[in-house]
Every structure is written in C-alpha cells, then in structure tokens.
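Below is one structure, written out as structure tokens; the observations come after it.
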Amino acid sequence: MMNQTTPTSGLENIEHVILVLSGKGGVGKSTVTTQLALTLCKAGKKVGILDVDLCGPSIPRMLNVQDKDVHQCSAGWVPVYADAEQQLSVMSIGFLLGDKDEAVVWRGPKKNAMIKQFLTDVYWGKLDYLIIDTPPGTSDEHITVIENLQELKPEGAVLVTTPQGVAIGDVRREITFCRKTKIPILGIVENMSGFVCPHCAECSNVFSKGGGEALAKQCSVPFLGCIPLDPQLSQSLEEGSSFVDLFPESNTLQALRNIVSMIIKHKESVNL
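Right under this line is the structure:
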C-alpha cells in the first residue's frame, strides 16, 4: 500500500503553497507568477516557482535561466536558482528538454506522472512560499496537483483574468473548480487592465476595465488588484531581467506590491 506521506515528501519544508490558475491561455498567468515571486523575494521571502505548464514552459525564459541545468543530489532534483543570493528557485520541464523548441506531445498519464515527480522529487529546502504556475483550464494536470497537495493544505489559489468578458466567463468556471476541489481562493487579479504610456505614465483602457473586480464581488471572493499593460514590464520579461529591480518607482510595481500585501495579510489572518 502506498505511503500517504510520500506525495508531499519534497514539500515538507515549505511554509505556504500558492496556485496560480487561469481559465484560458494568454491572460498573463506566468507573468503574474514571476512578478509575485520577485516581489515576495524583494520583501525578504525565500520563494520557489514550480512550472507545471508542461506544454508551454515560459517561466525559465522570463527569469533568464533557460540555459541552466537541473542537477541531482541524494534528496532529489535541485532546482535552478534565478539569483545569486539563492532567494528564488525554479523547476520547470523546460530544463529537462534537450532542444528548447521541442514540443511536449504527451498523453494525460505521462503528464500526470511528470507532475507527481515534480511534487515529490524536487529538493526545495526551506521556502517561505512555493508558487505553482499551472496550465490554463481545469484539466487532469490541475487535479493531479491538487490531489498531491491535499496533505499540505495549500494556502489557496490566485485566479488571473483579463478585463474582457470571454476571460471573465472562464474564470467563473475556475472559481467553480476551486470550490469543488476545496481549494481556498485568495483572490482575483485583473491583468492587462489598461495600458501605461511609456512617456507620460498615463494609463488608458485599451480593452475594458473592472470585469475582474465585478466578478469578485458577484462570486464573493477577494479582488487582489489590477496590473496594467506596461511596456517596461513586457521588455523585462522578454530580456529575462527583474522588473522589480529595474523600475522600483513604477506604478505597476506598486500594484504588484499591493497584491502581495493582500496575500500576506490573508496568511496572517488565517494564522490568527
């Protein structure tokens, strides 16, 4: 009979686990994941990112670690560190592909086995936060992650949307998924909410605005905040540089800090 403690053996020294979910692709879920992680690191936290988006592993490039290799120790895989201080560690299938352009053409069982291995065989050491970047939707991969995290009682999920109605509808289904699987919802982030002019810093609503906040109120879940389309953030992601370090006075960074602050406050309220 399988030992029930086995699935969480690689996660036992992690204080808080957060899932980042989106109902559809292209809403900036990986962008939100990396920026939350970098902002938490800037606040003095030790953070890991587990990228389980097996078919679209974009995290390594966003953090400029795509050319690094994963090594093994007696305790399992050692994640890649994204900074010299080793405050931010990353694990992704992107590190395991011989060709960076190779497509992961796997059926569900093989994907699930890979995710289970990520959850059991990565030696993270002691972390304040592990942020898990998931693929879009409510598929087998999500169920595998949640089943293997049940004993850890994850902190909850951050749901990412854009202001458009199509994305909002998909997030509504994501809320239903979280409730059915008993994953607490930390809140909704509305990404690409307005466009920040690189010259005058004025924010204009290219799409619509407020859909994420309205959905949060309608579904009685917290609204964590809006992140605008910011060319400086986009450039940082393309170059694999730290937006948090390069643009400390940015209004976009302040929005990220506010989101992180709300997540930390949720943790403290739970622990009271």
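The number in our numbering is simply the position in the sequence shown, starting from 1, with 11 added.
C-beta: ideal position from N, C-alpha, C; glycine also.
Keep in mind the model is a prediction, meaning the values are calculated, not measured.
- Taking a C-beta distance under 8 Å as the contact criterion, N202 and T173 qualify as a contact pair.
- Taken through DSSP and simplified to helix, strand or coil, I25 comes out as strand.
- For E201, the enclosing beta strand (DSSP E) has its first and last residue at 196-207.
- Short of 6 Å from the beta carbon of S103, and not among the five residues preceding or following it, lie these beta carbons of its own chain, in chain order: D62, P68, I70, P71.
- Contact between V177 and V31 fails: their C-beta atoms lie close to 19 Å from each other, not under 8 Å.
- Taking 4 residues as the minimum length, the alpha helix (DSSP H) runs contained wholly in the region 105-185 are 119-132, 151-160, in order along the chain.
- By a beta-carbon distance limit of 8 Å, I238 does not contact T192. Their separation comes to about 26 Å.
- Assigned with DSSP and collapsed to three states, C189 falls in helix.
- In this structure, the alpha-carbon of Q83 lies about 12 Å from that of L107.
- About 5 Å separates the beta carbon of C66 from that of V115, a gap short enough to meet the 8 Å contact definition.
- By a beta-carbon distance limit of 8 Å, L141 contacts G59. Their separation comes to about 5 Å.
- Rounded to whole angstroms, the gap between the alpha carbons of A93 and A86 is 20 Å.
- In this structure, the alpha-carbon of D132 lies about 22 Å from that of S150.
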